[in-house]
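Student: Every letter in the sequence shown is one number past the one before it in this note's numbering, and letter 403, counting from 1, is 403.
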Amino acid sequence: MSEEICFASARELARRIRARELSAREVLQAHLDRIERTNPQVNAIVTLVAEQAAEQARQADERLAAGEPPGPLHGLPVAHKDTHATKGIRTTSGSPIFADHVPDQDELVIERIRAAGAVTLGKTNVPEFAAGSHTFNPVFGLTRNPYDLSRSAGGSSGGAAAALACGMHPLADGSDMGGSLRNPASFCNVVGFRPSPGRVPSWPVPAGWATLGVQGPMAREVADAALLLSVLAGPDPRSPIALETPGSVFAGPLDRDLRGLRVAWSPDLGGAVPVDPAVTGVLEPAVKVFEELGCGVEEACPDLAGADEVFRTLRAWHWDIALRPLLDERPGDFKRSLAENIEAGRSLTGADLGRAEVLHTALFHRVREFFERYDALLLPVSQVPPFDAGAEYPDEVAGQPMHDYLEWMRSCFLVSATGCPALSVPAGFTSGGLPIGLQIVGPHHADLAVLQIGHAFEQATRHAARRPPVAAG
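1. State the start and end residues of the unbroken alpha helix (DSSP H) segment that holds Val367.
2. Specify, as a first and last residue, the run of the alpha helix (DSSP H) that Gln459 falls within.
3. Give, in chain order, every unbroken run of the beta strand (DSSP E) that is at least 3 residues long and sits entirely within the segment 415 to 448.
4. Beta carbon of Thr313, beta carbon of Leu269: below 9 Å?
5. Could you tell me if Gln56 is buried or exposed, where buried requires 16 or more neighbouring beta carbons within 10 angstroms of its beta carbon?
6. Considering only the alpha carbon of each residue, which of Val263, Trp209, Ser431, Ser133 lies closest to Ala376?
7. Report yes if the CB atom of Lys288 is closer than 9 Å to the CB atom of Asp173, and no otherwise.
8. Under three-state DSSP, which class holds Asn125?
9. Answer yes or no: do Leu490 and Gly71 have a C-beta to C-beta separation smaller than 9 Å?
10. At a cut of 8 Å, does the segment 442 to 457 reach the segment 153 to 173 through at least three beta carbon pairs?
11. What three-state label does DSSP hand Phe413 in the structure shown?
12. My guess is that Leu283 and Pro267 are in contact by the Cβ rule of under 8 Å, so how many angstroms apart are they, rounded?
13. Quick one: residues in its chain with C-beta nearer than 7 Å to the C-beta of Leu448, no 5 flanking neighbours on either side, listed in chain order?
14. Let me know if Arg34 comes out buried or exposed under the rule of 16 or more other beta-carbons within 10 Å of its beta-carbon.
15. At what residue ranges does the segment 19 to 49 contain a whole run of the alpha helix (DSSP H), taking only runs of 4 or more?
16. Given this structure, state the Cα-to-Cα distance separating Val27 from Ile5, to the nearest angstrom.
17. Give a yes or no on whether the C-beta atoms belonging to Gly469 and Arg151 are separated by under 9 Å.
18. At a threshold of 8 Å, does Asn43 count as lining the ligand SAH (C-beta to nearest heavy atom)?
19. Is it the case that the segment 192 to 206 contacts the segment 116 to 133, given that we only count it when at least three CB pairs across the two stretches are under 8 Å?
20. Determine the closest residue to Ser416 out of Arg368, Thr430, Arg194, Leu438, with distance taken between C-alpha atoms.
21. Across the segment 176 to 191 and the segment 412 to 431, are there enough close Cβ pairs to call them in contact, namely three or more that are closer than 8 Å?
22. Under 9 Å between the Cβ atoms of Phe136 and Glu407?
23. Which class does Lys81 belong to by DSSP, given the choice of helix, strand or coil?
24. Which two residues bound the contiguous alpha helix (DSSP H) that contains Gly159?
25. Using DSSP's beta-bridge definition, name the partner residues of Val263.
26. The beta strand (DSSP E) that contains Gly345, what's its start and end?
27. Can you name, in chain order, every residue of its own chain whose Cβ lies under 7 Å from the Cβ of Tyr405, other than the five neighbours on each side?
28. For Trp317 and Arg58, I'd like the C-alpha separation in whole angstroms.
Given below as structure tokens:
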């Protein structure tokens with residue numbers, strides 16, 4: 001029964017709790033047992049609040065018994081990313097500066113998840129301040145890939161991805177600036193969705209108009225990610241860029257006939273990024289699935305000139321805004337790569353930011369015109385399979401040297417610069433059994449269409465059904 005519960009879909013668990021076939025307490029206990037067995041191997045959940053979760057589950061059962069209408073996540077156990085502020089629960093951001101920090105309020109995404117009836121399990125591991133796509137930090141250490149414990153789980157939502165893959169919880173919140181929802185999903189054979197900026201409003205944030213970083217859902221199935229998005233999305237007066245579309249548009253079935261869809265496939269973004277042959281070897285057969293689903297597929301990609309400069313400039317500016325005072329106060333408490341990025345932001349001029357905005361606008365229009373010809377773009381999520389967990393980042397990809405901790409993530413962060421919604425969906429495995437994700441990108445604000453396309457691919461392939469060796473322990 002425990003195995004059945006822990007690997008059931010979030011939608012099925014929610015249905016069974018509402019029907020009182022399972023209690024929230026039974027569901028919680030199954031997941032706590034799973035955490036006890038598997039978490040020591042992967043180090044995905046770093047703060048566990050089992051007693052608080054048990055009380056929330058008890059209250060959830062009592063409310064249901066009293067006839068109160070349940071929320072869409074009623075009784076579902078969820079662990080939150082350790083960069084997302086949780087009232088009364090330690091939130092460290094993976095930094096020794098905040099090793100004992102306990103917020104006195106929830107941030108907006110946590111408010112919405114709690115209001116929807118979820119039970120909070122604790123917090124999932126992140127890189128220091130969520131910088132970089134490999135999850136390790138000086139507070140909690142390294143998160144390992146459940147498909148191969150010697151490999152990276154990705155990041156920055158690496159703890160969330162590993163926990164999902166192991167059945168520790170059915171849903172997870174994450175965030176994505178340069179691939180932090182998508183890369184760990186690819187590495188751990190789960191689903192990560194980067195929504196359009198403003199789809200999931202963020203609060204509190206120091207730069208409310210910024211669009212490079214977003215928050216979004218992770219799950220083991222696309223429809224479960226859509227369920228969580230239905231809770232996270234929707235307008236909020238505290239966010240100046242919040243989209244007005246209600247989250248309820250994502251709550252329905254995702255079934256869609258893909259016949260006649262115009263799909264572009266770009267294995268390396270027109271030569272802009274090197275890709276390990278092990279990745280393309282998995283993805284090329286996966287792309288043929290779209291032809292079998294009735295799509296017209298051709299190799300093409302948008303002109304992404306300037307996207308690299310846009311991303312690096314706006315990202316450095318973000319870190320300068322968010323962390324410069326802390327770096328000045330405690331320079332010894334920052335990893336070198338992050339400190340260098342903050343310093344790069346400090347050195348930016350008004351002309352640098354102005355140039356980035358002009359390039360950003362031109363990029364938007366080229367991508368807009370590209371999606372007048374195509375309904376979706378397919379490309380690798382990550383340029384490499386999960387890499388050695390002992391390295392900070394891959395030092396080379398397909399024989400080309402990587403000069404910093406961002407360069408190997410260009411297949412994700414160039415897409416971030418476009419502002420388009422992007423999904424990572426399980427697409428297969430290397431000969432060594434390492435997961436590979438397919439990235440599905442759609443036009444601006446076409447979040448629902450991207451989820452529908454990903455759902456159709458998932459149903460046709462079923463790669464997500466393959467569980468990691470750790471899950472069998």
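Ideal Cβ placement from N, Cα and C applies to all residues, glycine included.
Everything numeric in this text was worked out from a predicted model, so none of it was measured.
Tutor: According to the structure shown:
1. 350 to 373
2. 447 to 461 is the span of the alpha helix (DSSP H), which, as asked, contains Gln459.
3. 422 to 429, 435 to 441
4. no
5. buried
6. Residue Val263 is the option with its Cα nearest to Ala376.
7. No, Cβ-Cβ distance for Lys288 and Asp173 is not below 9 Å.
8. Of the three classes helix, strand and coil, the one that applies to Asn125 here is coil, per DSSP.
9. Limits of the chain in this structure are 1 at one end and 473 at the other, which puts residue 490 out of reach.
10. no
11. helix
12. 7 Å
13. Val249, Phe250
14. buried
15. 24 to 42
16. 7 Å
17. For clarity, residue 469 is Pro in the given sequence; the question names Gly instead. Contact: no.
18. With respect to small molecules bound, the structure shown includes none, and the ligand SAH cannot be examined in it.
19. no
20. Arg194
21. Flag = yes, the segment 176 to 191 and the segment 412 to 431 touch.
22. no
23. strand
24. 158 to 165
25. Val297, Ala376
26. Taken as a continuous stretch (DSSP letters only), Gly345 belongs to no beta strand (DSSP E), being part of the alpha helix (DSSP H) at 336 to 346.
27. Gly132, Ser337, Glu392, Tyr393, listed in sequence order.
28. Cα-Cα distance, rounded: 45 Å.
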